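**Student:**
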Amino acid sequence: MMSLPRTSTSPPVPPVEAALLAKLRRVSFPTIGHYLEDGFVDPAIRSLLADVRVVGRAMTARIADADAVAMNHALSALTPGDVLVVDMGGDAVHASVGAVTSCAALSAGAVGIVVDGVVTDIVELRQGGLPVFARGTSILTTKRHDGGNSAINVPVMVGGVSVNPGDIVLADDNGVLVLTPDGAADVVDLALASDAAEPETLDRLRAGEPLADVLHMGGKARRS
1376 MMSLPRTSTS PPVPPVEAAL LAKLRRVSFP TIGHYLEDGF VDPAIRSLLA DVRVVGRAMT
1436 ARIADADAVA MNHALSALTP GDVLVVDMGG DAVHASVGAV TSCAALSAGA VGIVVDGVVT
1496 DIVELRQGGL PVFARGTSIL TTKRHDGGNS AINVPVMVGG VSVNPGDIVL ADDNGVLVLT
1556 PDGAADVVDL ALASDAAEPE TLDRLRAGEP LADVLHMGGK ARRS
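FYI, the working numbering numbers position 209 of the sequence shown as 1584, with every residue one higher than the one before it.
1. Out of curiosity, what's the CA-to-CA distance linking glycine 1414 and histidine 1469?
2. With a threshold of 16 other CB atoms inside 10 Å of the CB of methionine 1446, please say whether the residue is buried or exposed.
3. Nearest CA to the CA of valine 1458: which residue from Thr1576, Leu1577, Val1533?
4. Cβ of valine 1430 within 9 Å of Cβ of valine 1544?
5. Could you tell me whether any non-hydrogen atom of the ligand NAP is closer than 8 Å to the CB of alanine 1485?
6. Straight-line CA distance for aspartate 1561 to glutamine 1502?
7. Under DSSP, the alpha helix (DSSP H) around methionine 1532 begins and ends at which residues?
8. Between the alpha carbons of alanine 1596 and arginine 1581, how many angstroms are there, rounded?
9. May I have the straight-line CA-CA distance separating valine 1486 from valine 1427, to the nearest angstrom?
10. What are the residues that DSSP puts in a beta bridge with glycine 1431?
11. Give me whichever residues DSSP pairs with alanine 1509 in a beta bridge.
12. Would you kindly work out how many angstroms separate the C-alpha atoms of aspartate 1564 and alanine 1394, rounded to a whole number?
13. Would you mind sorting valine 1498 into buried or exposed? The rule is 16 or more other CB atoms within 10 Å of its CB.
14. Select from Ala1425, Arg1400, Leu1396 the residue whose C-alpha is nearest the C-alpha of asparagine 1367.
15. So what does DSSP say about alanine 1526, is it helix, strand or coil?
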């Protein structure tokens, strides 16, 4: 008999506040990088599609033993607005995401997939349009067997960052950032204010004003 992958027994994670998500959809993710040091996924995990932007809630999966069945269960657990975050346990050769996986995730309402590993069917993934972030591609894939060591909706490690179910995933062509809802709320207004000031800064620089005057450096560098 096939066993289901282990799932978390913790209480359900509450939804992220709509107002916070709306703010995060407006902010420039690199601006957040001026204010934080933690939560930034290894830049080797990068977007495989161009011109993408993802704001969503993490639904996690830990895939062991090249187990394709566990991925199917993870896909079945997705809800609209989720980002499927996949920890391959260091497996950098077996692709757990391909055309069918991406299509199923998109149909479930997912807004992106982040894999600490490789994917396959890259042409079909790009045609499908669901943002996918991974370390690269492979034609070696996971297999239809149940290894029994996989788990969904549990804490995972992706690109050096610990990700919990319900965390907020921010991702674009520049990279991937994972924050708790509280952490995102703490920084988003500061980042939005910085974004609002940037057009004037650029206009002054283009007009020939010295950088030191524009940034009020006073002998000490500020954010770029």
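Ideal Cβ positions, reconstructed from N, Cα and C, are used throughout, including at glycine.
Since the structure is predicted, the reported quantities are computational estimates derived from the model, not experimental observations.
**Tutor:** Reading it off the structure:
1. 25 Å
2. buried
3. Val1533
4. yes
5. Because no ligand of any kind appears in the structure shown, any question about the ligand NAP cannot be addressed here.
6. 36 Å
7. Run containing methionine 1532: none in the alpha helix (DSSP H); it sits in the beta strand (DSSP E), 1531-1533.
8. Interpretation of alanine 1596 is limited by its pLDDT of 46, a score under 50 that renders its predicted location unreliable; the figure taken from the coordinates is listed afterwards. So the alpha carbons of these two residues sit roughly 19 Å apart.
9. Answer to the nearest angstrom: the Cα atoms are 10 Å apart.
10. Answer is Val1544, bridged to glycine 1431.
11. Arg1421
12. 12 Å
13. exposed
14. Since the displayed the chain opens at 1376 and closes at 1599, residue 1367 lies outside it and no answer follows.
15. In the structure shown, alanine 1526 adopts extended strand secondary structure according to DSSP, grouped into three states.
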